[in-house]
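When we follow my numbering, the leftmost residue of the sequence shown carries the number 385, and every step to the right adds one.
Glycine included, every Cβ here is placed at the ideal spot set by N, Cα and C.
Quick caveat, the model's predicted, so the values are computed rather than measured.
What follows is a short report on a single structure.
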Amino acid sequence: MKIGFIGAGKVGCSFGLFLKKREFQIVGYASQSMESASYAANLTDSSALSFNELIKQSNYIFITTPDDRIEDVWNHMLDFDLRDKKVFHMSGCLSSSIFTNSGENGVLGYSLHPLYSFADKKSSDLGEVVFSIEGDHISGIHAFLDQSNIRYFVLDKKKKALYHAAAVFVSNYVVALAKIGEDLLLESGLDKELSIVGTLPLMESALFNMKKKGINHALTGPIIRGDLNTIQKHIEELPTYKEIYKRLGLVALQIGSETGDLSDKKTEEIYQILRSDCNEKDGSDISGNER
């Protein structure tokens with residue numbers, strides 16, 4: 385397998401380095417910036433190549449550009465002989481359907497996406513990361529999947545957007561929730577540095593508990609304890625983010641109901657508090673269940 389990358393950002397560099405450590409042959413990188421391509425090439429002991437040369441020299445091609453450029457890259461690739469090549473993009477939301485006319489050109493197209501947040505161009509420690517893979521002929525890349533030794537599951541392309549939304553919740557929105565926490569701590573009187581110092585161990589302990597006990601049994605706080613007065617005070621004192629608190633509270637309440645930590649009576653009492661003045665048009669809770 386001769387592997388080439390179109391795009392030399394964090395994902396392209398990191399995954400190229402990951403594959404290099406697993407003794408794949410990395411042919412090189414093509415990028416709008418020769419400086420970026422050269423950096424990626426040095427990182428993976430490969431070459432900075434023109435678009436044309438990369439297509440010619442590679443039989444496994446990974447498109448690791450921003451999502452809104454993938455289709456343009458693919459359309460440009462169609463000007464070349466792609467017979468017997470395998471083409472991948474690494475978008476979380478887009479499916480392999482973006483590779484239009486791939487069958488007519490003798491090429492197999494796939495989307496391969498890691499459930500991981502890349503902090504820099506050397507995030508190559510992906511051994512424990514789970515990847516999604518989808519495409520029409522997964523059997524055509526079994527050798528690649530076996531040699532890379534990645535943990536993967538085959539995803540229905542119709543579920544790609546839902547899958548990516550899940551990734552956004554557990555990654556991007558965790559950062560958004562940390563920002564909400566920081567805002568509230570600053571309003572409570574803490575300075576910015578101390579709010580960060582205080583927040584990170586709390587978040588880390590929640591992640592540790594999820595890893596050790598599973599999601600449902602990692603929940604702590606007033607909802608799982610059934611502290612009605614505390615929940616009511618939170619809602620009354622929140623200057624903003626009140627609706628977010630209530631909606632996430634309904635999810636936490638569902639966890640408490642599923643684990644049996646809350647009685648039916650206590651569950652209903654908390655539900656009424658969380659639903660008060662909630663801007664919902666129907667009688668369903670945050671999970672979509674009718675109440």
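- When L478, F446, L591 and S398 are compared, the shortest CA-CA separation from I387 is found for F446.
- Under the 10 Å beta carbon count, M587 is surrounded by fewer than 16 other beta carbons and is classified as exposed.
- Taking all protein chains in view, the Cβ of T624 is surrounded by fewer than 16 other Cβ atoms within 10 Å, so the residue is classified as exposed.
- K505 carries a coil assignment under DSSP once its states are collapsed to helix, strand and coil.
- By the neighbour-count definition (other C-beta atoms within 10 Å, threshold 16), A424 is a buried residue.
- Spanning the alpha carbons of I615 and R535 requires a straight line of approximately 40 Å.
- In the DSSP annotation of this structure, the continuous segment of the alpha helix (DSSP H) that includes K596 starts and ends at K576 to K597.
- The beta carbon of M418 sits closer than 8 Å to the beta carbons of A432 from its chain, once the five residues preceding and following it are set aside; these are given in chain order.
- DSSP, reduced to helix, strand and coil, places K470 within a strand of the structure shown.
- Each residue's CA atom was taken as its position, placing H618 and G633 some 11 Å apart.
- A contact is defined here as three or more CB-CB pairs under 8 Å, and the stretch 387 to 405 meets this definition with respect to the stretch 500 to 513.
- For Y444, the uninterrupted beta strand (DSSP E) segment begins and ends at Y444 to I447.
- Just so you know, the alpha carbons of S420 and E488 end up roughly 33 Å apart.
- The three-state secondary structure of L529, taken from DSSP, is helix.
- Remark: C-beta atoms of N600 and T651 do not approach each other more closely than 7 Å.
- Between the alpha carbons of K541 and A527 lies a distance of about 22 Å.
- Taking 7 Å as the cut-off, the beta carbon of I517 is found closer than this to the beta carbon of V538.
- Per the DSSP secondary-structure output, V514 pairs in a beta bridge with R535.
- Membership of H460 in the alpha helix (DSSP H) is indicated by the continuous run D451 to M461.
- S434 and V411 do not touch by the CB rule: their CB atoms are close to 12 Å apart, not below 8 Å.
- A straight line joining the alpha-carbon of D456 with that of G519 spans about 19 Å.
- Residue state for Y494 is assigned as strand, using DSSP reduced to three classes.
- By the neighbour-count definition (other C-beta atoms within 10 Å, threshold 16), I628 is an exposed residue.
- A distance below 6 Å between beta-carbons, with the five flanking residues on each side excluded, links A602 to the following residues of its chain, in chain order: N593 and M594.
- Looking at the DSSP output, S430 sits in no beta bridge, so it has no partner there.
- At the C-beta level, E566 and S555 stay beyond 7 Å of one another.
- Restricting attention to I482, A550 and A503, the CA atom closest to the CA of S495 is found in I482.
- For Y413, no alpha helix (DSSP H) segment is defined; the enclosing uninterrupted segment is the beta strand (DSSP E) at Q409 to A414.
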